[in-house]
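A.B. asks: Pasting in a structure now, in structure tokens, and then I'll have a few things to ask.
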Amino acid sequence: MSSIPTFIDISESEQCEELREYLESLGAVFTKSETFIGELKQIIAACDVLFREGAKESDVESVLNSVVSLLIVSVPQSSQESSQLIHAFCEQTLKPKPAKQSLVCLRVLKNLFGGLQDIVDLRFRVYVTLVR
Numbered sequence: 037m038s039s040i041p042t043f044i045d046i047s048e049s050e051q052c053e054e055l056r057e058y059l060e061s062l063g064a065v066f067t068k069s070e071t072f073i074g075e076l077k078q079i080i081a082a083c084d085v086l087f088r089e090g091a092k093e094s095d096v097e098s099v100l101n102s103v104v105s106l107l108i109v110s111v112p113q114s115s116q117e118s119s120q121l122i123h124a125f126c127e128q129t130l131k132p133k134p135a136k137q138s139l140v141c142l143r144v145l146k147n148l149f150g151g152l153q154d155i156v157d158l159r160f161r162v163y164v165t166l167v168r
């Protein structure tokens, strides 16, 4: 099993578990998923709990960058799942939030844009989200 390049060397399933635990501590509710893609879909959907007033910017940015690393490294970018996950992630970053968290989302989206290979439709989706 490959590891995701993060600050701690853990597998993608362990990284998903860490993200789930953190998001659950903020009030997110998850159901058990049998697949990595299913886990990642739920994690992305639960990211709205990060955008509460008073949330620490560093925590929000860390979680979102962890999701970005999973999207870039663990999901084949040419797959339909990748397109759906990136679309869902972009939609999460567009939800109403405090101004400082909007800047965090801008930085994270820039990381996602830079990390995507030359797959024009995915990069275009992220670019449009950056502009919005």
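Oh and the sequence shown: position 9 is 45 in this note's numbering, straight run, nothing missing.
All C-beta atoms in this analysis are idealised placements derived from N, C-alpha and C, irrespective of residue type, glycine included.
Within this structure, are the beta carbons of S87 and K136 separated by less than 8 Å?
C.D. replies: Inspection of the sequence shows that residue 87 is occupied by Phe rather than by Ser. Taking 8 Å as the Cβ cut-off, F87 and K136 do not qualify as a contacting pair.
A.B. asks: Could you check the C-alpha separation between S94 and S115 for me, to the nearest Å?
C.D. replies: Roughly 31 Å separates the two Cα atoms.
A.B. asks: Whole angstroms is fine: what's the gap from C126's alpha carbon to V103's?
C.D. replies: Using only the alpha carbons, I get a separation of about 11 Å.
A.B. asks: For the alpha helix (DSSP H) that contains G74, what are its first and last residues?
C.D. replies: Where G74 is concerned, the enclosing alpha helix (DSSP H) stretches over 72 to 82.
A.B. asks: If contacts are defined as beta-carbon pairs under 8 Å, then E50 and S110 qualify, I think. What distance do you get, rounded to the angstrom?
C.D. replies: That belief does not hold up - the Cβ atoms of E50 and S110 are roughly 12 Å apart, past 8 Å.
A.B. asks: Would you grab the beta carbon distance between L166 and L158 for me? Rounded to a whole angstrom, and I think it's under 8 Å.
C.D. replies: 13 Å between Cβ atoms; not a contact.
A.B. asks: For K146, count neighbouring C-beta atoms within 10 Å of its own C-beta (all shown protein chains included) and say buried if the count is 16 or more, exposed if not.
C.D. replies: Exposed, since its Cβ has fewer than 16 Cβ neighbours within 10 Å.
A.B. asks: Could you check what DSSP says for S171 in three-state terms: helix, strand or coil?
C.D. replies: There is no way to answer for residue 171, as the model of the chain reaches only from 37 to 168.
A.B. asks: Report, in whole angstroms, the separation of the C-beta atoms of L148 and L121, which I expect to be a contact under 8 Å.
C.D. replies: L148 to L121, Cβ: 11 Å. No contact.
A.B. asks: Is it right to say V156 is buried, meaning 16 or more other beta carbons lie within 10 angstroms of its own, or is it exposed?
C.D. replies: By the 10 Å Cβ count, V156 comes out exposed.
A.B. asks: Taking the Cβ atom as the reference point for each residue, do R56 and F72 lie within a distance shorter than 8 Å?
C.D. replies: Their beta carbons are not under 8 Å apart, which means R56 does not touch F72 by this criterion.
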